[in-house]
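Quick notes on the structure that follows.
2 protein chains.
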Amino acid sequence: MTIKEVSEKYDLSADTIRYYERIGLIPHVPRKENGIRDFDEASCGWVEFSKCMRSAGVQVEALIEYVDLFFQEGTEEARKDILVEQRARLQEQYEQLKATMERLDYKIAHYVP
Amino acid sequence: MTIKEVSEKYDLSADTIRYYERIGLIPHVPRKENGIRDFDEASCGWVEFSKCMRSAGVQVEALIEYVDLFFQEGTEEARKDILVEQRARLQEQYEQLKATMERLDYKIAHYVP
DNA sequence: TTAGCATTTGGAGTGGACTCGAAGTCAAGC
DNA sequence: GCTTGACTTCGAGTCCACTCCAAATGCTAA
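Top to bottom, those sequences are chains S and C.
The first sequence finishes on residue 133 if you use this note's numbering, and the numbering steps up by one all the way, no holes.
The second sequence finishes on residue 133 if you use this note's numbering, and the numbering steps up by one all the way, no holes.
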C-alpha cells in the first residue's frame, strides 16, 4: 500500500505518518526498489495502533520507547510496564473527564450559570 | 486572597492564572489600591472552573468565548450551546479513551505483543 | 533604611506535535 | 518526449498553551 492509501484508510495525514516514522513512533516502513514506501500488514498495524494510542492522548515519547524496545530481545517486561503506566495515565484522564462531564451536565440541566 | 494563595489552593501556577486573566479565560480579577490582585469568591470560582474544564481538555478558545458571553445580557442560550458542544467533545474523548483502555487491558493481560 | 521577597506588566521564549515547503525522483498518460 | 501528479528527504514553520524574563513597584522585618 502507498502512503496515500494508508493515510486514507486510517484518516491520518501522509505528513503525520512520515513524521511518525521519522521520529520512531512507528518502525521503518519497507520501500520498493525506487525508495517509495510500501506498507505491509505489520506497518499498517503500527499505524493503526499509533493512531489509536495518540487519539486517546498517549504521549509520543512513550510510544517511541515502546517501539524501540520492541526490537530488542528480552524487553517484554519493560514493554508491558510502559503499557501499564500509560493505562494508568488514561485512567486518570478518564476520571477527570467523567467528573467534568457530570459537572457540565448539571450546569446544562440547571442553566442559570 | 493573593495570587499565591489561589495558586496553591488550586494547584495552578501564578503565571498560568495571570495568563488566563490576560487572555480572558477568567474575568478581570479585582485589585487593591496598590494594583495587586485580590481574589474574591467569584474570582476563585472562575479559577476553579477553568482548572476543571482545562484539565478535562476543554479548549481555551471555548472558555474565552463563554466568559465573554457571560458579561453580555441575553446570552444564556449561546452560553448553554457552548457547554453542550463541549460536553459532546468530551463524550467523544471519553469513548476514545474507553476503547483505548480496553485495548491496553487486553494487551497487558495477554502480553505477547 | 536597606535587604529581601512578592507582586505587577508586557513581551519573549519553550515544548509538544504536527504541518508545510523546497528540491528532487519517478511512473503513467497524452 | 513532455507534462502531471504522487512520492522522496530534510529542514523550517506553525499552533497551542503555557512559562519565563526584565524592570518597576510594594510590603515586611531587621
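Heads up, the beta-carbon is just placed ideally off N, CA and C, and yes, glycines get one too.
Chain C contact residues for residue i, given Cβ-Cβ distances below 8 angstroms
i        : result
Thr120/S : Cys72, Met73, Ser75, Ala76, Val78 and Leu110
Asp125/S : Arg107
Interface residues of chain S facing residue i [CB-CB closer than 8 angstroms]
i        : result
Tyr114/C : Tyr114, Leu117, Lys118 and Met121
Contact set between residue i and chain C, taken where Cβ atoms lie within less than 9 angstroms
i        : result
Ile128/S : Lys100, Leu103, Val104 and Arg107
One or two residues paired with residue i in a DSSP bridge
i       : result
Arg57/S : Arg51/S
Whole-number beta carbon distance between residue j and residue i, since they are thought to touch under 8 angstroms
i        : j        : result
Arg107/S : Asp125/C : 7 angstroms
Glu61/S  : Val49/S  : That belief does not hold up - the Cβ atoms of Glu61/S and Val49/S are roughly 12 angstroms apart, past 8 angstroms.
Met73/C  : Thr120/S : 6 angstroms
Leu117/C : Leu117/S : 7 angstroms
Ala82/S  : Ile102/S : 6 angstroms
Tyr39/C  : Glu96/S  : Their Cβ separation, rounded to whole angstroms, is 44 angstroms, which puts Tyr39/C and Glu96/S out of contact at 8 angstroms.
Residues near residue i in its chain [Cβ-Cβ closer than 7 angstroms; skip 5 each side]
i        : result
Ala98/C  : Leu89
Gln113/C : Gly77
Lys29/S  : none
Ser70/C  : Tyr40, Leu45, Ile46 and Leu83
Lys24/C  : Ala34
Ile37/S  : Ile23, Val26, Ser27 and Val67
Val104/S : none
Glu122/S : none
Within chain C, the residues that residue i reaches when beta carbons sit closer than 7 angstroms
i        : result
Tyr187/S : There is simply no residue 187/S to check, as chain S begins at 21 and stops at 133 in what is shown.
Buried/exposed call for residue i, threshold 16 Cβ in 10 Å
i        : result
Ser63/C  : buried
Tyr86/S  : buried
Ile43/C  : exposed
Gln111/C : exposed
Val26/C  : buried
Ser33/C  : exposed
Ile56/C  : exposed
Val67/C  : buried
Beta-carbon contacts of residue i that lie in its chain and below 8 angstroms, excluding the five residues immediately before and after
i       : result
Lys52/C : Asp58
Val80/S : Ile43, Leu45 and Arg74
Cut-off 6 angstroms between Cβ atoms - residues of its own chain near residue i, not counting five sequence neighbours on either side
i       : result
Phe91/C : none
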